[in-house]
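Asks: Each residue of the sequence shown is one higher than the last, beginning at 60 in the numbering used here. Got a structure here, written out as structure tokens. Questions coming.
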Amino acid sequence: MTGTSPPGLPAPLQPAVPEAGPELAADHPTWPASLPAGVSSCFRSAEQTGQTDVQTAHHPSPPTSQPAPGFHSPGPSAMQLLWLLASLLALSQALPFEQRGFWDFTLDDGPLMMNDEEASGAGSTSGVPDPDSVTPTYSAMCPFGCHCHLRVVQCSDLGLKSVPREVSPDTTLLDLQSNHISELRKDDFKGLQHLYALVLVNNKISKIHEKAFSPLRRLQKLYISKNQLVEIPPNLPSSLVELRIHDNRIRKVPKGVFSGLRNMNCIEMGGNPLENSGFEPGAFDGLKLNYLRISEAKLTGIPKDLPETLNELHLDHNKIQAIELEDLLRYSKLYRLGLGHNQIRMIENGSLSFLPTLRELHLDNNKLSRVPSGLPDLKLLQVVYLHSNNITKVGVNDFCPMGFGVKRAYYNGISLFNNPVPYWEVQPATFRCVTDRLAIQFGNYKK
């Protein structure tokens, strides 16, 4: 339901549409929290990417003038090189399919949660062509109907039923989204050892040969969302950094499926019918993920044995009912925890004490009757979303520590709107550690 704030109150923050590209649904929050230097996010917000996703190849190629007879082409122009770099960087910074109800992730960029190219591993340049070595490809090796420029091959929306054969071996970005491909065969990617990003979103893929990805020794980004997969593909390339496999039919994550993926940094697997029992013990062994999203699934609790290295964990739009003391014990490195749009009624006292580095906590659209205990003790916490719950009372010490001289970060945002709390009874001192009163979203209006 959409509405406006009562007179005198700040307007509610509106959900951004971070997801760009037809394969990625929107709805990631824009957070104002700042993060430590060197910590970055695998995925940027729509404002920062211009709401573009893996459609880099959709952009028209810069015009190339044909050399006059008798003259040799002098090589790529500066504009051509800039276009190629923009294409690859836009792809590497694209957003994941994010949880409904979160506002877009805008941390103060440079410190964009997982800086998109540092801690995420997405900044690795292996597999990215050196601009000085790139020359325009005028060869006949461009599949019929596709658009090829430099090392980018765009074959989306062509009604293809299989991977085209005439792809140049020096291709670094292959876009096959929105076709009718149902199977990936053994030799479909033969010879594409330079491929850096492969986009297979929105096809009908239900079968993948166990050696289909074997030639892709430099592949870092695999987008295979919105297909008909019932299992995670076997034998993924060891070079893989980012895997998007959301909106499939996956019910099980077996042990060993991610073995050998030491470079993997981000996994987006929301929108699959995954239950807690679908995660085998040791399913994530060996992974050093920064970012994991399992939203819009069928989880009833926080999964056990997820990677301890996680900086971001998003479990919104599930059926989680409670957070017990041991649920967050192993996730002490979290900066963001997304639990919005669940059925959480209870958060056990002390549960949040295991998250000393937490900056952002999202508990909106649950069934909480009070502000969770322990928030004042989280010295780095800056953003808390508690709107659309059943909170009836806000205590003067629910958010800020008691006494003076207690060191903690100032809040940049607290949302409490759409709760049955008489906000006129809340004492002003309740928000004494908030930098800007406009950052407090209060009142009973609907978003």
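A virtual CB, placed ideally from N, CA and C, is assigned to each residue, including glycine.
#1: What residues are listed by DSSP as bridge partners for residue 381?
#2: Could you pull out every residue in the same chain whose Cβ sits closer than 6 Å to the Cβ of residue 486, ignoring the five residues on either side in sequence?
#3: Here's a check: name, in chain order, each residue in its chain whose Cβ is nearer than 6 Å to the Cβ of residue 514, leaving out the five neighbours to either side.
#4: I'd like to confirm the pairing. Which residues does DSSP put opposite residue 436 in its beta bridges?
#5: Quick check: what's the CA-CA separation for residue 277 versus residue 254?
#6: On the DSSP letters alone, give me the boundaries of the beta strand (DSSP E) that residue 350 sits inside.
#7: At which residues does the beta strand (DSSP E) containing residue 459 begin and terminate?
#8: For residue 390 versus residue 369, is the C-beta distance shorter than 8 Å?
#9: If we call anything under 8 Å between Cβ atoms a contact, is residue 303 one with residue 327?
#10: Report back the beta-carbon spacing between residue 507 and residue 502 to the nearest angstrom; my notes put them in contact at under 8 Å.
#11: Using CA atoms only, rank isn't needed, just tell me which of 222, 397, 229 and 247 is closest to residue 237.
#12: Rounded to whole angstroms, what is the Cα-Cα separation between residue 479 and residue 217?
#13: In whole angstroms, give me the CA-to-CA distance for residue 437 and residue 401.
#14: List the DSSP bridge partners of residue 484.
#15: Helix or strand or just coil, what does DSSP make of residue 395?
#16: To which residues of the same chain is residue 263 closer than 8 Å at the C-beta, ignoring the five residues directly before and after it?
#17: Judging by CA-CA distance, which residue of 272, 351 and 313 is the nearest neighbour of residue 16?
#18: Is the beta carbon of residue 397 closer than 8 Å to that of residue 374?
#19: Quick check: the Cα distance between residue 376 and residue 488, rounded to an integer number of angstroms?
#20: So residue 453 and residue 430 are supposed to be a Cβ contact under 8 Å. How far apart are they, rounded?
#21: In the structure shown, what three-state DSSP assignment does residue 356 receive?
#22: Spell out the partners DSSP gives residue 211 in its beta bridges.
#23: Roughly how many angstroms separate the alpha carbons of residue 283 and residue 267, rounded to a whole number?
#24: So the candidates are 256, 378 and 244; which of them puts its Cα closest to the Cα of residue 234?
#25: For residue 287, list the residues DSSP reports as bridge partners.
#26: Looking only at its own chain, which residues have a Cβ that is under 6 Å from the Cβ of residue 415, when we skip the five neighbours before and after it?
#27: Between the alpha carbons of residue 352 and residue 362, how many angstroms are there, rounded?
#28: If distances are taken between C-alpha atoms only, which option among 252, 215, 224 and 275 comes closest to residue 261?
#29: So the candidates are 448, 309, 325 and 291; which of them puts its Cα closest to the Cα of residue 334?
#30: Just to confirm the assignment, what range does the beta strand (DSSP E) spanning residue 256 have?
#31: With distance defined between alpha-carbon atoms, name the residue in 393, 229 and 292 nearest to residue 245.
#32: Might you give, ordered along the chain, the residues of its own chain that have their beta carbon closer than 8 Å to the beta carbon of residue 205, omitting 5 neighbours on each side?
#33: Suppose you measure from the CA of residue 498 to the CA of residue 469; what does that come to, to the nearest Å?
#34: In chain order, what residues of the same chain have a beta carbon less than 8 Å from the beta carbon of residue 491, not counting five sequence neighbours either side?
#35: Using beta-carbon positions only, say whether residue 439 and residue 418 come within less than 8 Å of one another.
#36: Using the C-alpha atoms, what's the distance from residue 343 back to residue 320?
Replies: According to the structure data:
#1: 405
#2: 455
#3: For the chain, the structure presents residues 60 to 506; residue 514 sits outside this window and is missing.
#4: Residue 436 is not bridged to any residue.
#5: 6 Å
#6: 350 to 352
#7: Element bounds for residue 459: n/a, residue is neither H nor E.
#8: Yes, these two residues count as a Cβ contact at 8 Å.
#9: yes
#10: This structure leaves residue 507 out entirely; the chain is present only between 60 and 506.
#11: 222
#12: 52 Å
#13: 23 Å
#14: For residue 484, DSSP assigns no beta-bridge partner whatsoever.
#15: strand
#16: Excluding residues within five positions, the ones whose Cβ falls inside 8 Å are 239, 240, 241, 286 and 287.
#17: The chain is shown from 60 up to 506; residue 16 falls before or after that span and cannot be answered.
#18: yes
#19: 33 Å
#20: With 8 Å as the limit, residue 453 and residue 430 qualify as a contact, their Cβ atoms being about 6 Å apart.
#21: coil
#22: Partner(s): 208 and 232.
#23: Near 11 Å, if we compare the C-alpha coordinates of residue 267 and residue 283.
#24: 256
#25: BP columns for residue 287 are empty, so no partner.
#26: none
#27: 12 Å
#28: Nearest C-alpha to residue 261: 215.
#29: 309
#30: 256 to 258
#31: 292
#32: 212, 213, 214, 217 and 223
#33: 11 Å
#34: Here the set comprises 459.
#35: yes
#36: 10 Å
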